[in-house]
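Student: First residue of the sequence shown: 50, per our numbering; consecutive thereafter.
The C-beta atom is built at its ideal place from N, Cα and C for all residues, glycine as well.
Got a structure for you, questions after.
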Amino acid sequence: MKIVFCTLHVRRSTQAISLAAGCLAAALPSELYESCTLLDFFPEQTDQEILASILASDPDAVLFSVYVWNRQRIIQLAKQLHQEQPRLHLIAGGPEATGDPSGLSAAAPWTALVHGEGEAALAGLLTALAKGLADQPLPGVTLLQKERPVSGATHCPYDLSTAPSPWLTGALKLEPAGGVLWEVARGCAFSCDYCFDARGHAGVRSIDRQRLEDELELFIKAGVSQVWVLDSTFNYPPERGIALLELLLAKAPHIHYHLEAKADFIDRHTASLLGELNCSVQLGLQSIHQQVLKAIHRPLDLDILAEKVHLLEAEGVVYGFDLIYGLPEDNYAGFRTSLDTVLSFSPNHVHIFPLSVLHGTKLAQQRDRYGINAQPEPPYELISSDNWSVEEMELCRRLAATVDIFYNTGRAVAFFPAILEALQTQPSALFEDFFKWALQQQDLDYTNLLIASNWGADDVYRMLQGYICHQLQNSGQGHLVSVFLDLLCYHFHYAETLLGEELLPPADETLLQIDLWETPLQRSNKCRLVPFAYEIFDLLEMEEMQLEEIAHLFRPVGSVALFMRRGNEVYCESLGEEMLRLLKQSNGELSPKSIFAGSLPQATGEELIQFAVSEGLLHSVQ
Numbered sequence: 050m051k052i053v054f055c056t057l058h059v060r061r062s063t064q065a066i067s068l069a070a071g072c073l074a075a076a077l078p079s080e081l082y083e084s085c086t087l088l089d090f091f092p093e094q095t096d097q098e099i100l101a102s103i104l105a106s107d108p109d110a111v112l113f114s115v116y117v118w119n120r121q122r123i124i125q126l127a128k129q130l131h132q133e134q135p136r137l138h139l140i141a142g143g144p145e146a147t148g149d150p151s152g153l154s155a156a157a158p159w160t161a162l163v164h165g166e167g168e169a170a171l172a173g174l175l176t177a178l179a180k181g182l183a184d185q186p187l188p189g190v191t192l193l194q195k196e197r198p199v200s201g202a203t204h205c206p207y208d209l210s211t212a213p214s215p216w217l218t219g220a221l222k223l224e225p226a227g228g229v230l231w232e233v234a235r236g237c238a239f240s241c242d243y244c245f246d247a248r249g250h251a252g253v254r255s256i257d258r259q260r261l262e263d264e265l266e267l268f269i270k271a272g273v274s275q276v277w278v279l280d281s282t283f284n285y286p287p288e289r290g291i292a293l294l295e296l297l298l299a300k301a302p303h304i305h306y307h308l309e310a311k312a313d314f315i316d317r318h319t320a321s322l323l324g325e326l327n328c329s330v331q332l333g334l335q336s337i338h339q340q341v342l343k344a345i346h347r348p349l350d351l352d353i354l355a356e357k358v359h360l361l362e363a364e365g366v367v368y369g370f371d372l373i374y375g376l377p378e379d380n381y382a383g384f385r386t387s388l389d390t391v392l393s394f395s396p397n398h399v400h401i402f403p404l405s406v407l408h409g410t411k412l413a414q415q416r417d418r419y420g421i422n423a424q425p426e427p428p429y430e431l432i433s434s435d436n437w438s439v440e441e442m443e444l445c446r447r448l449a450a451t452v453d454i455f456y457n458t459g460r461a462v463a464f465f466p467a468i469l470e471a472l473q474t475q476p477s478a479l480f481e482d483f484f485k486w487a488l489q490q491q492d493l494d495y496t497n498l499l500i501a502s503n504w505g506a507d508d509v510y511r512m513l514q515g516y517i518c519h520q521l522q523n524s525g526q527g528h529l530v531s532v533f534l535d536l537l538c539y540h541f542h543y544a545e546t547l548l549g550e551e552l553l554p555p556a557d558e559t560l561l562q563i564d565l566w567e568t569p570l571q572r573s574n575k576c577r578l579v580p581f582a583y584e585i586f587d588l589l590e591m592e593e594m595q596l597e598e599i600a601h602l603f604r605p606v607g608s609v610a611l612f613m614r615r616g617n618e619v620y621c622e623s624l625g626e627e628m629l630r631l632l633k634q635s636n637g638e639l640s641p642k643s644i645f646a647g648s649l650p651q652a653t654g655e656e657l658i659q660f661a662v663s664e665g666l667l668h669s670v671q
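Printed below as a string of C-alpha cells:
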C-alpha cells in the first residue's frame, strides 16, 4: 500500500516543515512506513502542479493535515483527486478534522477523518485499509464511505512517552544551517476560551528526556542553526522549563531557540538561564485589561507582568508580545491602550492577530452571548460583535499591519522611545498617523499597505526616513533630523549585518606571506561601510539620552563605520582616514601601493593591509 502525506504550508519559510506528517509516518508499522512518501506544497503552486506531484507517486492513500490556512484549498484538491482517481483513499486529519468533523466530512469525498492525536488512530486505519477490513468502528476515526458514517471512540489513546522521533527515524530530513520544529511536549495546562491547544488531552505531556537529548545531538551534527520549540507554555510549571533550558545550555547553547512563555511563571532562575541562551521569547499576553482576560479565562495581573518583564530585561533577553484584537469585553480604545502599554516595555517585537472564532473552542459556543458575527469559512475571523464594529476591526487591522511594518520590520525598538519623546505622542497615535501618511504622501495602495509581508527591510527603512523627517520638520524640530537619521541608520545596518553572512578570517594564510603592497585586493561583500553625519560612537554612548540632548551636545563632524558579523556578534568600528581609503578603493584592480600613492609610508600601509587581510576584510581577486 503506497501512502502519500501531503502538507500544504502557509508560506515558504524556514518553519515550513511537515512535522505532523513526519510524526504520523514515524509511528506507522514498519511495512507501512517503508511505503510512505512525504510531499510539501506551497500556496503559489497551481492545483495542476500539486495533483501531478501526488499522482506521480501512484498512491493508494493520500493524507492531508487540515488547518485554518489550508482548509479550502485542500477540499478543492481532494475533490479533484477523487475525480482523477476515484479508487484513492482520501484521509483528512488535523485541527479542522477534530474541531469541525461534520462540516469537513460534507465538503469533500473523504474515505475517513482522523480526530485528535493521529498516530495510533491513523496506524489502525491504514492497517485496516491495507487488509481490506475498514468497515468496523476504529478509535479516533470516522469512516465515510458507507451509507452512514461509522465512528469509533472519539480519541485514540497514544503513549507519548514511547513515541518515535520523526527526526531520529529519518522521517524528516535535516538541512545544514536550516531550521527545526521541535516538539518537546503536547497539550496545554490552560483553557483559554479562544484557543484550541487544550482540546483533547488535559494538561501537558512531556517528550521523553532521552529522546530530546538524542535529537539535540542530531541537530548539532547536522549544523542546525534555529529551533522553534513547540510548547505553548514551555515554562509551566517553572521547574519543567528550567530543566529544558538547562538541557539546551548543556547540549547546544550555540543554536538559536524560539520559545513561547507565559509571563506569570517567569522567575529569576528562568530569566537567568534565558539570558545565557541564544534565544528569543514570545509572551502570549493578548490584552492588558482584567475584564477581557477574565472573560476568556486567561487571568494576569499587570503589576506581576511588569515585574516579570523587568527580570527578562535585566538578563538581556530578547522578548516580544502577542496581542489579539476583537476579544470579548474589549473594544478599539481598549486595544489601543493594550498596545501603548506593551510598547512602554520596549519589547523587541509585537505580533498582533485578529480574533478567530475556531470550531471546537469555548468561544465558538458563546456566539450568542457576545453577539459574535464571524467569517463562516477559514480563517473564521471576527467581523463584528456587541463590542466591536466592522469599522473598529478594520482600524485594528491597520494598526496591526503598521506595527509589523514600522516596529517589527523597521527594528524600531532601539530608537522608538526617543521618537515618541521628540514628537510627544503615544505609539498607537503614531502608527495611525504613519498609515495615513503612507497612503497620502507616498501614494501607496491601501490593500498593499495592509500586507506587511510585502515590505522588505530596505523599503521600510526608506519609509521611516521619510516619515520621521517629515514629522520632525512639521513640528519645528528640523535640527533633530540628522541625529535621528544616524540612529536609524546605525540600527538598520546593525540588524542587516546580524542577519547577513558571517565574515571569517581567511582559512588559508598564504595570502599574508606574499607582497600585499603590490597586490590588487578586493573588499569583502560581507562587511559594510556606512557613512554617518556624526561621529557614530558619540551617538552610541549617548543613546539613552533624548534626541534634543544629543543634538545640543554634539556637532555633525562626519564618520564612516565598518560593520561586520563574527559568530553572533556584530562589530562596528569607526574608521580612520587611511583604513577607510584602503577599504573603499580596494576594488580588485588597485594595489595598496597605488591607493596610497606615496601619501603613506609603506611600513604603515603594510600594517593596515596585514590587519585587513587577517580579519577577512580584504582578499585576493585570484
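Counting C-beta neighbours from all protein chains within 10 Å, is the total for Pro144 16 or more, i.e. buried, or is it exposed?
Tutor: The residue in question, Pro144, is buried, as its Cβ has 16 or more Cβ neighbours within 10 Å.
Student: At the level of alpha carbons, what is the spacing between Asp494 and Thr458?
Tutor: For Asp494 and Thr458, the distance between alpha carbons rounds to 19 Å.
Student: Going by C-alpha distance, which of Ala65, Thr211, Gly252, Ser240 is nearest Gln259?
Tutor: Residue Thr211 is the option with its Cα nearest to Gln259.
Student: Touch check for the segment 321-334 and the segment 224-232: three-plus C-beta pairs under 8 Å?
Tutor: The answer is no - the segment 224-232 does not touch the segment 321-334, with fewer than three Cβ pairs under 8 Å.
Student: If you compare alpha carbons, which of Trp504, Ala238, Lys642, Ile304 is closest to Ile269?
Tutor: Considering only alpha carbons, the answer is Ile304.
Student: Leaving out the 5 sequence neighbours to the left and right, which residues in its chain are closer than 8 Å to Glu30 when beta-carbon positions are compared?
Tutor: A query on residue 30 cannot be resolved here, the shown segment of the chain reaching from 50 to 671 and no further.
Student: With burial defined as no fewer than 16 other Cβ atoms inside 10 Å of the residue's Cβ, what is the status of Arg460: buried or exposed?
Tutor: So Arg460 ends up on the buried side.
Student: On the DSSP bridge assignment, give the partners of Gly148 in chain order.
Tutor: Partner(s): none; Gly148 has no beta bridge.
Student: Do Leu431 and Trp437 come within 8 Å of each other at the CB atom, strictly closer than that value?
Tutor: The answer is yes: Cβ separation under 8 Å.
Student: List the whole-angstrom C-beta distance separating Ala320 from Glu364, where the pair is believed to meet the contact cut-off of C-beta under 8 Å.
Tutor: With a Cβ gap of about 5 Å, Ala320 and Glu364 count as contacting.
Student: List the endpoints of the continuous alpha helix (DSSP H) containing Gly515.
Tutor: Segment 506-523, the alpha helix (DSSP H) holding Gly515.
Student: State the DSSP-derived secondary structure class of Leu376, mapped to helix, strand or coil.
Tutor: Three-state DSSP puts Leu376 in coil, outside helix and strand.
Student: Just to confirm my understanding: we take Asp280, look at its own chain, exclude 5 residues before and 5 after, and list those with CB closer than 6 Å. What are they?
Tutor: Here the set comprises Val233, Ala234.
Student: Which residues in the same chain as Trp486 place their Cβ atom closer than 6 Å to its Cβ, once the five residues preceding and following it in sequence are excluded?
Tutor: Tyr516.
Student: Could you check if Ala299 is buried or exposed, using at least 16 other CB atoms within 10 Å of its CB as the buried criterion?
Tutor: Exposed: under 16 other Cβ atoms inside 10 Å.
Student: Can you list, in chain order, the residues of its chain whose CB lies under 8 Å from that of Gly173, leaving out five sequence neighbours each side?
Tutor: Closer than 8 Å at Cβ, skipping near neighbours: Leu187, Pro188, Gly189, Val190, Cys205.
Student: In whole angstroms, give me the CA-to-CA distance for Arg416 and Glu618.
Tutor: C-alpha separation (whole angstroms): 50 Å.
Student: Residues in the same chain with beta-carbon distance under 6 Å from Leu171, minus the five sequence neighbours each way, listed in chain order, please.
Tutor: So the list reads Leu73, Val163, once near-sequence residues are dropped.
Student: Please classify Ser151 as buried or exposed, where buried requires at least 16 other C-beta atoms within 10 Å of its C-beta.
Tutor: So Ser151 ends up on the exposed side.
Student: For Leu578, which residues from the same chain have a beta carbon less than 7 Å from its beta carbon, with the 5 sequence-adjacent residues on both sides left out?
Tutor: Within the same chain, Leu578 has close Cβ partners Val609, Leu611, Leu632, Lys633.
Student: Quick check on this structure: which residue in Asp389, Arg446, Ser405, Pro198 has the alpha carbon closest to the alpha carbon of Leu479?
Tutor: Cα-wise, what sits closest to Leu479 is Asp389.
Student: Within 10 angstroms of the Cβ of Gln94, are there 16 or more other Cβ atoms? Answer buried if so, exposed if not.
Tutor: Looking at its Cβ environment, which holds fewer than 16 other Cβ atoms inside 10 Å, Gln94 is exposed.
Student: Assign Ile563 to buried or exposed, taking buried as 16 or more other Cβ atoms, counted over all protein chains shown, within 10 Å of its Cβ.
Tutor: Per the 10 Å Cβ criterion, exposed.
Student: At which residues does the alpha helix (DSSP H) containing His601 begin and terminate?
Tutor: Its alpha helix (DSSP H) spans residues 596-602.
Student: Taking only the alpha-carbon atoms, compute the straight-line gap between Ala238 and Leu77 and give it to the nearest angstrom.
Tutor: If you take the alpha carbons of Ala238 and Leu77, they lie about 29 Å apart.
Student: Quick check: Val391 and Leu334, are their CB atoms within less than 8 Å of each other?
Tutor: Cβ atoms of Val391 and Leu334: closer than 8 Å.
Student: Going residue by residue through the segment 461-510, where are the continuous beta strand (DSSP E) segments of at least 3 residues, counting only ones entirely within it?
Tutor: The segment 461-510 contains no whole beta strand (DSSP E) run of 3 or more residues.
Student: For Thr496, count the other beta carbons within 10 Å of its own beta carbon; 16 or more makes it buried, fewer makes it exposed. Which is it?
Tutor: Answer is exposed; the Cβ neighbour count stays below 16.
Student: Let me confirm a value: His338 is counted as buried when at least 16 other C-beta atoms fall within 10 Å, else exposed. Which label applies?
Tutor: The residue is buried, with at least 16 neighbouring Cβ atoms inside 10 Å.
Student: Apart from the five residues on each side of it in sequence, which residues of its chain come closer than 7 Å, Cβ to Cβ, to Thr147?
Tutor: Around Thr147: His164, Gly165, Arg248, Gly409.
Student: At which residue ranges does the segment 341-420 contain complete beta strand (DSSP E) runs of 3 or more residues, listed in the order of the chain?
Tutor: Within the segment 341-420, the complete beta strand (DSSP E) runs of at least 3 residues are 367-374, 398-403.
Student: Suppose the cutoff is 8 Å on Cβ atoms and the five residues either side in sequence are ignored; what does the same chain contact list for Thr176 look like?
Tutor: The residues are Pro78, Leu81.
Student: Within the continuous beta strand (DSSP E) that includes Phe54, where are the two ends?
Tutor: That run of the beta strand (DSSP E) goes 52-57.
Student: Going by the DSSP bridge assignment, what does Trp277 pair with across the sheet?
Tutor: Bridge partners of Trp277: Leu230, His307.
Student: Span of the beta strand (DSSP E) holding Thr568?
Tutor: Run containing Thr568: none; DSSP gives neither H nor E here.
Student: Between Leu666 and the rest of its own chain, which residues show a CB-CB distance below 7 Å, the 5 nearest in sequence each way excluded?
Tutor: Around Leu666: Arg572, Ser573, Cys576, Leu632.
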